[in-house]
Structure formats: C-alpha cells, structure tokens
Amino acid sequence: MRRQGRARVGLLGLLLGVTVLGAPQDISAEGTRGSGKDPLDWPGSTTDRYLDAEEISAALAEATDEFAACASPEGVEALDGSPLWLTFSIDPQGRPQPQGVSEQDTVSPLYQCLLTTLKTVTFSDHDGVPGLYSYPIVFFVEEGAVRHAPYPVVLFEVPALRLPLLTLPPDLSQDDLEAIAAELLPRSP
Amino acid sequence: MRRVLVTAALCLAVAVVLPRSALAGLQYQFQEDHLESFQFELSRSVRTERAGVDLLQPFSTRIQGTVQRYVARVFRDGSLGLVVRTMGLDGSIQRVGMSESKLDLSAVEGRSLSLRLDRGGAQLDSTGWLHLRRAGAGDLVDDVLLGSAPRLPARIPAQGEAVASSYRMQLPIDEGLSCQQTWILSYSPVEEKLDECHGSCRALAYEGTVRENCMDRANALERSGSAKVTGQLEIHVRGARSRVRAHRWSVDWERQLAPSHGDQPTAQIIQYLSSEGSLKAEDKR
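Going line by line, the protein sequences match chains S and X.
Positions 55 to 243 (the working numbering) are the ones given, in order, by the first sequence.
Positions 562 to 846 (the working numbering) are the ones given, in order, by the second sequence.
The structure is reproduced here in structure tokens:
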C-alpha cells in the first residue's frame with residue numbers, strides 16, 4: 055500500500071517536471087537584458103539607426119593627434135585661443151562630407167589639412183536625416199608642441215519640422231509647405 | 562491518500578493553467594527573439610477648414626504594407642521595450658477632382674518607434690517620433706505603429722457584458738512638441754466563430770472616445786481634438802496571456818489648431834480626419 059503511494063507521488067512529480075519543462079517559454083522568464091540602443095538594426099531588414107552626438111565626438115576624438123599635427127605653434131598663437139569650427143555631414147555609409155572650416159582661408163595648409171584629416175575619420179553607418187554637424191577644434195601649445203583638446207560636444211542642425219500639428223499631404227513640396235506656414239503663422243519668416 | 566493526491570493534482574493544474582499574471586488582467590504574450598509581422602491597410606481622408614472654408618484641398622491617402630514588431634528589452638518592472646516599424650510600403654494620394662498618384666514612402670520605410678508598454682499594452686513611454694516625423698510623411702503611419710500593440714481590456718467580457726477601460730497615451734515628438742491622448746473605451750464580445758485556433762480565439766469589439774491635447778512651442782500653436790473610435794480585436798487567448806491576430810479600427814477626428822497665445826490674430830483651423838485601418842498577423846498561431 056505504502057509502495058503504491060510512493061509510486062503515485064513519484065508519478066505526480068514526473069508529471070509536474072514534464073509540464074514545467076514542456077510549458078512554452080515566455081519572455082517574462084528572461085529578466086532584464088539588452089540596452090536601449092541595441093536591437094534597432096534587426097538582421098535581415100532595413101537598418102533603422104541614428105547617430106548620436108556622443109558617438110560622433112568619440113570618433114572625432116580618435117583623430118585628436120592628427121588634427122593637432124595640422125597646426126604649427128605659430129599658427130596656434132595667431133588663433134589666440136579661438137576654436138576653429140569644422141562643419142560636415144555624414145553620409146549613410148558613415149563617411150564624413152566636409153563642408154568647411156570657420157574663418158579660414160580655404161587654400162591655407164591648415165584648412166586643407168583639417169579637412170583631409172576629417173575625411174579619414176569613419177563613423178557608423180546610419181539612415182537618419184542628413185544633418186549638419188559642427189565640431190570645434192581647440193588648439194593649444196604645450197611644451198612647444200601643438201595639442202588639440204577633444205571637445206565632448208558636437209552641434210547638430212537639422213531642418214525644423216514645419217507645422218507638425220497639421221496633417222498635410224505627404225507629397226507636399228517644401229515650397230508649398232513654406233507657403234502654408236507663412237499663411238498660417240504670421241510671425242514665421 | 563487519494564484525497565491528498567487529487568487535491569495536489571488540482572492545485573498543480575490550476576498553477577499551470579493560470580499564470581501568476583492572471584490576477585493582473587489580460588496580458589500580452591511575446592516570444593523571445595521573434596519578429597512578428599502584420600499585413601496592414603490604412604485609408605485616411607483629410608479636410609482642413611478655416612472659418613468654414615477649405616484652407617487646403619481635401620485629400621485622401623491609402624497605404625498598405627507590413628508592420629513589424631519585436632521585443633527589444635524587458636524592463637525590471639516587467640514592462641516591455643517593443644520596437645515597431647513599417648516595411649514594404651505602397652501608398653497613393655488622391656486630391657478632390659484629381660487622379661490618384663503614387664506616394665514615395667521610401668523615407669518612412671523601416672523607420673521605427675520604441676514603445677515601452679506594460680503587459681496589458683498601456684503605453685508607458687515612447688521614443689523615435691522625431692526621426693519618424695523627419696522622414697517627411699507626417700503622422701501617416703502613426704495609427705499603424707500604435708495599432709500593432711493595442712491596449713488590451715482588463716479581461717475578456719462575458720456575453721452581453723461590456724468592460725470599460727480608460728488610458729492615456731503620450732507622444733513626445735520633440736522638446737516643446739508633444740501630444741497627450743486620453744482613450745475611454747468599452748469592450749464587448751463579438752459573436753464570431755474563429756475556427757483557426759481551436760476555440761481559444763476571441764473577437765472583441767470596442768468603441769469609445771479619444772480626447773487630445775498637443776503643443777507646438779516652436780510655432781506657438783496648440784491643437785485640441787476629440788475622436789470617435791470603433792474597432793475590433795481578434796486575440797488568441799492562452800490562460801491569461803494573449804496574442805493579437807488581427808485588429809481593425811475606424812477613427813473620426815475633429816481637431817482644432819489655434820495659436821497658443823490668444824492675442825494672435827490667426828483664425829482657428831479645424832481639421833477633420835477619418836481613418837480606417839486593419840492589421841492581420843502573418844503568423845496566425
């Protein structure tokens with residue numbers, strides 16, 4: 055009798071084990087994982103990935119020594135501590151497209167060297183909107199050598215959203231959009 | 562001994578069939594590392610008036626494609642980080658008195674939103690709106706993205722019963738540009754035989770109202786609106802877990818756009834937007 059009871063308990067345990075193991079796995083069993091950035095480019099489908107300012111400034115910081123090598127101590131003293139602003143866009147393959155350097159003669163060696171160095175920097179590929187980035191090059195002279203202090207901020211300009219609270223035809227041209235905005239918004243330029 | 566065994570077996574059956582979450586109401590079931598796809602269609606018609614006169618030429622749009630979603634993250638509180646996006650888009654626009662023309666929606670293709678949802682589908686947070694808006698199609702695919710993970714009722718209503726539910730949704734598009742919506746819905750069962758999933762599928766109809774307030778500080782505009790909404794959910798219920806197999810909806814918005822500073826002379830603009838959409842899971846398990 056006792057042996058039969060034990061057999062039933064064993065059978066019940068086996069049944070429980072099979073049920074638990076066979077139950078479909080639910081995501082709640084996985085606990086926390088991943089980060090806010092990771093799976094936006096799910097394999098096998100269109101990438102949906104945006105560059106953030108932090109990773110752009112990190113990529114530029116890797117070229118710090120190359121940027122510093124562009125300037126001479128005399129040239130840096132002439133700048134009198136003012137930063138030179140590099141402006142550029144980044145194409146979907148992550149290649150920088152230099153637009154210019156602030157307040158510089160476009161044929162000067164410094165200008166050309168900064169743009170050439172910028173072209174060697176590679177960024178991650180992305181499919182965000184093509185914006186215009188600005189990054190300050192801040193030179194200083196230390197023990198007779200030119201240094202460049204990597205700047206932690208990249209400024210990013212994108213075209214402003216026009217009338218985002220109005221549902222407009224998706225094929226509206228920029229000119230039409232501006233005409234509507236001008237009519238609806240007396241203060242708009 | 563026999564009683565003990567029967568009681569233990571009953572407890573075991575209840576514990577297995579009813580997950581702990583059963584007490585918390587109807588909840589979503591998601592599989593790990595699984596990309597879910599839904600075929601969708603959406604048609605909208607828009608009329609914009611100022612002082613009773615058409616301000617813009619009325620137009621209607623039709624789009625179809627696939628909306629995909631997957632769980633990107635599980636938060637510590639059990640809420641889910643869901644990524645949703647539209648793929649394979651095909652669309653057209655027709656203005657009154659003109660022929661239908663094809664829309665170029667390539668810029669919206671693959672654009673995703675990240676939604677943080679609780680297990681019942683209530684939206685806790687969302688990101689990606691600005692990137693979606695910058696793609697240039699405005700709010701064209703918003704309903705589809707949000708409709709892929711609709712709010713579930715607290716429970717399956719019994720025949721002749723209606724289960725009420727109200728919830729808020731926030732759309733933080735950009736700094737100084739956001740919308741808040743309050744949905745008040747009533748769910749009721751639909752007499753529809755859904756044979757495909759061996760009696761475990763349910764069709765639920767819902768109807769209700771939505772109230773909305775939006776602010777655009779950059780343009781000093783605000784929008785307030787209300788909508789009547791009806792819809793139908795087809796869900797596969799396993800215990801307290803649910804999987805949406807299909808969703809159809811219809812929304813009729815009346816929105817007022819006005820300057821956020823009352824002293825500006827701009828007249829109020831009223832926009833009427835009627836939208837009908839449907840989603841159907843490609844994998845109907």
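Virtual Cβ for every residue (Gly too), placed ideally from N, Cα, C.
The structure presented is a predicted model; accordingly, all values stated were derived computationally and were not measured.
The residue from Gln625/X, Arg694/X, Thr627/X and Gly642/X with its alpha-carbon nearest to that of Ala633/X is Gly642/X. By the 16-neighbour rule on beta-carbons within 10 angstroms, His202/S is buried. Measuring C-alpha to C-alpha distances from Ala819/X to each of Gly838/X, Arg784/X, Val798/X and Val812/X identifies Arg784/X as the nearest.
Remark: C-beta atoms of Tyr748/X and Pro711/X do not approach each other more closely than 8 Å. Unbroken beta strand (DSSP E) stretches of 3 residues or longer found wholly inside the stretch 120 to 200 of chain S: 138 to 144, 150 to 155 and 186 to 196, given in chain order. In this structure the stretch 779 to 795 of chain X does not touch the stretch 173 to 187 of chain S; the number of beta carbon pairs closer than 8 Å is below three.
Collapsing the DSSP output to three states places Leu706/X in a helix.
Going by C-alpha positions, Gly64/S is about 60 Å away from Ser836/X.
Arg804/X places its beta carbon 8 Å or farther from that of Ser787/X. With respect to Ile796/X, Arg763/X sits close: the two C-beta atoms are nearer than 8 Å. Close partners of Ile654/X in chain S (Cβ separation under 7 Å): Pro223, Pro224 and Asp225. Counting only residues of its own chain and dropping the five nearest sequence neighbours on each side, Gly639/X has a CB closer than 8 Å to the CB of Asp679 and Arg680. If you draw a straight line from the Cα of Ala235/S to the Cα of Leu215/S, it is about 11 Å long. Here the C-alpha atom of Arg605/X lies approximately 23 Å from the C-alpha atom of Leu238/S.
The stretch 183 to 197 of chain S and the stretch 681 to 690 of chain X do not touch, with fewer than three beta-carbon pairs separated by less than 8 Å. The Cβ of Gly67/S sits no closer than 8 Å to any Cβ of chain X.
Residues of chain X with a Cβ closer than 7 Å to the Cβ of Pro218/S are, in chain order, Arg694, Ile734, Leu738 and Asp777. Taking the beta carbon of Asn774/X as reference, no residue of chain S falls within 7 Å; the closest one sits roughly 11 Å away. If the five residues before and after Ala115/S are omitted, its C-beta is found closer than 7 Å to the C-beta atoms of Pro204, all from its own chain and listed in chain order.
Annotated as proximal: Leu587/X and Ile717/X, with beta-carbon spacing under 8 Å. One thing to note: His808/X has its Cβ within 8 Å of the Cβ of Ser839/X.
Put simply, the backbone Cα of Gln741/X is about 16 Å away from that of Ser821/X.
Against chain X, the CB of Ala61/S has no partner CB under 8 Å away; the residue lies outside that interface. By the Cβ criterion, the stretch 611 to 626 of chain X is in contact with the stretch 656 to 675 of chain X, since at least three pairs of Cβ atoms, one from each stretch, lie closer than 8 Å. Within the stretch 804 to 824 of chain X, the residues whose Cβ lies closer than 9 Å to some Cβ of chain S are Trp814, Arg816, Leu818 and Pro820, listed in chain order. Taking one beta carbon from each stretch, the stretch 129 to 142 of chain S and the stretch 150 to 158 of chain S have 3 or more pairs nearer than 8 Å; the two touch. With fewer than 16 other Cβ atoms inside 10 Å of its own Cβ, Gln731/X counts as exposed.
Straight-line spacing of the CA atoms in Cys775/X and Val195/S works out to 52 Å. The alpha-carbon of Tyr165/S is positioned some 22 Å away from that of Ala112/S.
Taking C-beta atoms as the reference points, Gln625/X and Glu602/X count as a pair closer than 8 Å.
Asn774/X is bridged by DSSP to Gln741/X and Ser785/X. DSSP places Glu722/X in the coil class of the three-state scheme, outside both helix and strand. Within the stretch 676 to 710 of chain X, the residues whose Cβ lies closer than 9 Å to any Cβ of chain S are, in chain order, Arg680, Thr688, Gly689, Leu691, His692, Arg694, Arg695, Ala696, Gly697, Ala698, Gly699, Asp700 and Leu701. Contact annotation: in the stretch 622 to 636 of chain X, residues whose CB is within less than 8 Å of a CB in chain S are Thr622, Gln629, Tyr631, Val632, Ala633, Arg634, Val635 and Phe636.
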